[in-house]
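Residue numbers 636 to 746, in the working numbering, belong to the letters of the sequence shown in order. Note that beta-carbon positions come from the ideal geometry of N, C-alpha and C, so glycine has one too. Since we're looking at a predicted model, the values are computed, not measured. Read the structure below first, then the notes.
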Amino acid sequence: MSIILSGFIFIIEGLLFGNIIGNLILGLIISILLAGKSLFVHEKDIYDDFMGDDLDNAKINLSKIVSRKVDEYDESAITRGAIESLSENLAMDMLLHYFGYLRAYPGNFHI
636 MSIILSGFIF IIEGLLFGNI IGNLILGLII SILLAGKSLF VHEKDIYDDF
686 MGDDLDNAKI NLSKIVSRKV DEYDESAITR GAIESLSENL AMDMLLHYFG
736 YLRAYPGNFH I
């Protein structure tokens with residue numbers, strides 16, 4: 636099994652590294668993954684603040700990912716804001732761009 640896996644990794648490495656197309660594909664994959672990591676880090680910070688009963692810090696961390704005033708939010712409003720932000724950003728920023736890149740493969744352009 637490990638021989639098959641190492642062979643697969645060798646083939647992928649040969650296709651992606653060392654050429655312009657492979658570097659573009661890697662750049663797209665990395666940008667999508669970094670955006671997701673940043674979003675989940677902010678969401679986890681809000682969760683950690685809730686677990687520590689620190690609503691003021693939770694509001695500060697929520698204000699980093701939403702464009703609303705969060706000064707007077709209570710626990711349920713902070714939770715709602717975090718969930719809304721996660722779902723919107725996941726759908727719009729990560730998945731939509733990923734499928735947009737897939738749709739733009741060569742030969743898919745119609746006049």
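- With contacts defined as CB atoms closer than 7 Å, residue 699 and residue 708 fail to qualify as a contacting pair.
- If you keep only unbroken alpha helix (DSSP H) runs of at least 4 residues inside the stretch 696-728, you get 710-724.
- Per DSSP, reduced to three states, the secondary structure at residue 671 is helical.
- Note on residue 697: 16 or more other CB atoms within 10 angstroms of its CB, so buried under the neighbour-count rule.
- If you draw a straight line from the Cα of residue 654 to the Cα of residue 678, it comes to about 36 Å.
- In this structure, DSSP gives residue 652 a state outside helix and strand, which the three-state scheme calls coil.
- Within a 10 Å sphere around the beta-carbon of residue 684 sit 16 or more other beta-carbons, which makes this residue buried.
- Burial is judged here by how many other beta carbons sit within 10 angstroms of a residue's own beta carbon; residue 658 has fewer than 16 and is exposed.
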